[in-house]
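Keeping their order, the protein sequence lines are chains A and B.
So the first sequence is residues 1 to 265, counted in my numbering.
So the second sequence is residues 1001 to 1279, counted in my numbering.
The structure under discussion appears below in the form of structure tokens.
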Amino acid sequence: MSILSVRQLYIMGKQNHIVKDLSLDVQEGEWFALVGQSGSGKSMTAMAICQLLASNLEARGEIWYGEKNLLTLSSSEIRKIRGKCLAYIFQDYQGSFTPFLTIGQHFEEYQRTHLNLSKKARCKQAVEALISVGLNEDIYSKYPFQLSGGQLQRVSISIALLLEPDILIADEPTTALDSVSSFKVLQLLSKLQKETGCAILFITHDLRHVKKYADRIAVMKDGAIIEAGDKNLVLDHPQHPYTRRLIQSAPSLKRSTCRLEGVSG
Amino acid sequence: MELVIKKKSKRRWRMTVLFTVMATVLAVAAYTLLILKHDPALVNLGERLWPASMEHPLGTDHLGRDVLTRLLLGAQLTVGYGLLSLFAAVIIGVPFGVIAGFKGGLIDRIFMRIADAFLAFPDTIVAIVLSGLLGPGIENLLLAIVLVKWVNYARLVRSTVITEHQKDYVTVAKINGLSSFGIMRKHLFPHLIGNVLVLSSLDLGKIILLISSLSYIGLGAQPPAPEWGAMLNDARPYFQSNMLLMIYPGLAIVFVVLLSNILGDYLRDAFDVKKEVES
């Protein structure tokens, strides 16, 4: 059953279309990867889902979450869904944290908005969440600038999954991390997904991230989805020439001698 | 790590000294009334231009008034009026800037053009013109100072709100389900407090200078008010015979302005997140 369906989404700036006629379905509990190069409109699509677009951009179309069309909800209705049902992780882990609040205070804020817990219970829940992503308890009282990138991204994952949302939108969460940290973060995401059963809309420009974890893939180019389907189907039998070139251009250990080709935009 | 700790404690020590001095100045200004022996306005021509003595530690002025008494009361007047006008400017400027920065669009443009209009005139000119129109007097002077100073706070707050509002953590807070008011209160306001405190402590010195200089040319506090600028003006004809009469209020102004500038510098360092990250 699809938990989030986007139908004929258009995102328009003042002059140009950023996203054109985009439709996709995210099934319950799956890992859905949205792949494409910079500027293809992946992030904009993710932002449009929660009405987070900048005020000079306009989204048209339908985004169904259960019975609700997210694009038509009032700001107080969408606030109830954000965080609780739909969670986000961003690429910029430094910027995702308010510099003068501790990690604990970030947790507090989430919990106070959506849950009715005592102070002690809140602290306990937060520490448990930190431990579940493989961090120490003492992180709770630290400031964001005292943590490394990998640690911060783990913290943001633990905060995002704290309320067990139905969908986690991960907007290039590993792009700013080194390959070891990003591997660990991906592993962690997949582990937590199995535990909580949330669907993940994973936005990336890196096909390597997709190969191992994704269930289904959609390839975006110039604001439209050019190819979508099961992971193996898309990766092994790409139909669109752009997808084919994208897959060929990924460096591989086995074909280390071959010439790398660029992808024409 | 050791080096960092040393540095921090040194900074803290200097901060303590600074705040103690500042607090003493304020306390002296506030409690002068209780320890006064002389009437600051009592004219006693028999004692005019006396040198320093036990009775009058800093001597008397051209009308036989005790200079120390007037100097201390002047602190109350000058610093008090400075703080008052500063407070009024902040109270007007901050909400103005917050609304402009947060709402954006047309409201922002209208608000900022109003602010630009105020900014177009130099401080002193506006103060002189207003005093000329409304008549000289400390109330009109304060009004003029508030009119020229609030713009700085509005602009500062607006730009801070706009830059911080674009950052990811605001988006994260939005996703989290916080209302705009909640985001303002929890995520943006702490930024503003620091910036506004720094600017206002630097501004205090400028405002005191403005009050004193306008009082000096007779547009601010009127005699016999013991305002420092007015005292300078009173002492002007006696500069050759009794130079100290002019030096005392001058030193007092220098001292307070210097203090407020140093305070501003320290506050700027204290609120600088980057410095903390580096250490």
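For each residue, glycine too, the CB sits at the ideal point set by N, CA and C.
Using a Cβ-Cβ distance cut-off of 8 Å, determine whether residue i contacts chain B.
i: Cys-198 of chain A; result: no
i: Lys-84 of chain A; result: yes
i: Lys-80 of chain A; result: yes
i: Gly-13 of chain A; result: no
i: Ser-141 of chain A; result: no
i: Gly-95 of chain A; result: yes
i: Ile-18 of chain A; result: no
i: Thr-204 of chain A; result: no
i: Phe-100 of chain A; result: yes
i: Leu-52 of chain A; result: yes
i: Tyr-10 of chain A; result: no
i: Asp-92 of chain A; result: yes
i: Lys-88 of chain A; result: The question names Lys, yet the displayed sequence has Tyr at residue 88 of chain A. Yes, Tyr-88 of chain A lies at the interface with chain B (some Cβ there is under 8 Å from its Cβ).
i: Thr-113 of chain A; result: yes
i: Glu-109 of chain A; result: yes
i: Val-6 of chain A; result: no
Measure the CB-CB distance between residue i and residue j and report whether it falls below 8 Å.
i: Ala-1120 of chain B; j: Leu-1130 of chain B; result: no
i: Leu-1086 of chain B; j: Ile-1253 of chain B; result: no
i: Val-1094 of chain B; j: Tyr-1169 of chain B; result: no
i: Ile-330 of chain A; j: Gln-151 of chain A; result: Nothing about residue 330 of chain A can be reported from this structure: the residues present for chain A run from 1 to 265 only.
i: Val-210 of chain A; j: Ala-33 of chain A; result: yes
i: Ser-43 of chain A; j: Met-220 of chain A; result: no
i: Ala-126 of chain A; j: Gly-104 of chain A; result: yes
i: Leu-1214 of chain B; j: Leu-1106 of chain B; result: no
i: Ala-1100 of chain B; j: Trp-1150 of chain B; result: no
i: Ser-1179 of chain B; j: Arg-79 of chain A; result: yes
i: Cys-85 of chain A; j: Pro-165 of chain A; result: yes
i: Ser-190 of chain A; j: Tyr-213 of chain A; result: yes
i: Ile-1183 of chain B; j: Arg-82 of chain A; result: no
i: Gly-36 of chain A; j: His-240 of chain A; result: no
Alpha carbons only, please: which of the options is nearest the one belonging to residue i?
i: Met-1246 of chain B; options: B:Gly-1046, B:Gly-1059, B:Val-1017; result: B:Gly-1059
i: Ile-63 of chain A; options: A:Leu-161, A:Gln-151, A:Asp-21; result: A:Asp-21
i: Glu-227 of chain A; options: A:Leu-147, A:Ala-129, A:Arg-244, A:Glu-77; result: A:Arg-244
i: Leu-161 of chain A; options: A:Asn-16, A:Asn-69, A:Thr-175, A:Ala-129; result: A:Ala-129
i: Thr-1163 of chain B; options: B:Leu-1045, B:Leu-1141, B:Leu-1192, B:Trp-1150; result: B:Leu-1192
i: Phe-145 of chain A; options: A:Glu-67, A:Leu-34, A:Thr-98; result: A:Thr-98
i: Leu-1045 of chain B; options: B:Ala-1270, B:Gly-1064, B:Thr-1020; result: B:Gly-1064
i: Gly-1132 of chain B; options: B:Gly-1218, B:Leu-1199, B:Ser-1200, B:Gly-1177; result: B:Gly-1218
i: Ile-1262 of chain B; options: B:Pro-1226, B:Ser-1201, B:Thr-1069; result: B:Ser-1201
i: Pro-1111 of chain B; options: B:Val-1257, B:Arg-1158, B:Ser-1179; result: This sequence places Phe at residue 1111 of chain B; Pro is not what is there. Nearest option by C-alpha distance: B:Arg-1158.
i: Ala-224 of chain A; options: A:Thr-45, A:Asp-25, A:Met-1, A:Ser-5; result: A:Thr-45
i: Val-1198 of chain B; options: B:Thr-1020, B:Asp-1269, B:Ala-1221; result: B:Asp-1269
i: Leu-101 of chain A; options: B:Ala-1225, B:Asp-1203, B:Arg-1185; result: B:Arg-1185
i: Gln-193 of chain A; options: A:Thr-175, A:Leu-168, A:Ser-179; result: A:Leu-168
Tell me, to the nearest whole angstrom, how far the beta carbon of residue i is from that of residue j; I am working on the premise that it is less than 8 Å.
i: Glu-28 of chain A; j: Ala-170 of chain A; result: Between Ala-170 of chain A and Glu-28 of chain A the Cβ distance is about 17 Å, and since that is not below 8 Å, they are no contact.
i: Glu-172 of chain A; j: Gln-94 of chain A; result: No, Glu-172 of chain A and Gln-94 of chain A are not in contact; Cβ-Cβ is about 14 Å, not under 8 Å.
i: Gly-134 of chain A; j: Leu-188 of chain A; result: 7 Å
i: Val-1028 of chain B; j: Leu-1072 of chain B; result: 6 Å
i: Gly-1220 of chain B; j: Ile-1138 of chain B; result: 6 Å
i: Asp-230 of chain A; j: Arg-216 of chain A; result: 6 Å
Taking Cβ-Cβ distances shorter than 9 Å, what residues in chain D pair up with residue i?
i: Thr-45 of chain A; result: Note that chain D does not occur in the displayed structure, where the protein chains are A and B.
Could you tell me whether any Cβ in chain A is nearer than 8 Å to the Cβ of residue i?
i: Ser-1179 of chain B; result: yes
i: Asn-1242 of chain B; result: no
i: Asn-1176 of chain B; result: yes
i: Asp-1108 of chain B; result: no
i: Val-1277 of chain B; result: Since pLDDT at Val-1277 of chain B reaches only 49, below the 50 mark, its modelled position is unreliable, and no value is offered.
i: His-1187 of chain B; result: yes
i: Lys-1103 of chain B; result: no
i: Val-1161 of chain B; result: no
i: Asp-1269 of chain B; result: no
i: Val-1172 of chain B; result: yes
i: Pro-1057 of chain B; result: no
i: Pro-1223 of chain B; result: no
i: Val-1004 of chain B; result: Confidence at Val-1004 of chain B is low in this model, with a pLDDT of 46, below 50, so the placement of that residue is unreliable and no value is reported for it.
i: Lys-1149 of chain B; result: no
i: Met-1001 of chain B; result: With a pLDDT of only 38 at Met-1001 of chain B, under the threshold of 50, the placement of this residue in the model should not be trusted, and no figure is reported.
i: Pro-1136 of chain B; result: no
Tell me, please, which residues DSSP counts as bridged to residue i.
i: Val-6 of chain A; result: A:Leu-24, A:Ile-63
i: Val-185 of chain A; result: DSSP output for Val-185 of chain A lists no bridge partner at all.
i: Asp-171 of chain A; result: A:Ile-203
i: Met-220 of chain A; result: A:Gly-36, A:Ile-225
i: Val-19 of chain A; result: A:Ile-11
i: Asp-1066 of chain B; result: B:Thr-1060
i: Asn-69 of chain A; result: A:Trp-64
i: Ala-87 of chain A; result: A:Leu-168
i: Asp-92 of chain A; result: For Asp-92 of chain A, which the question treats as bridged, DSSP gives no partner whatsoever.
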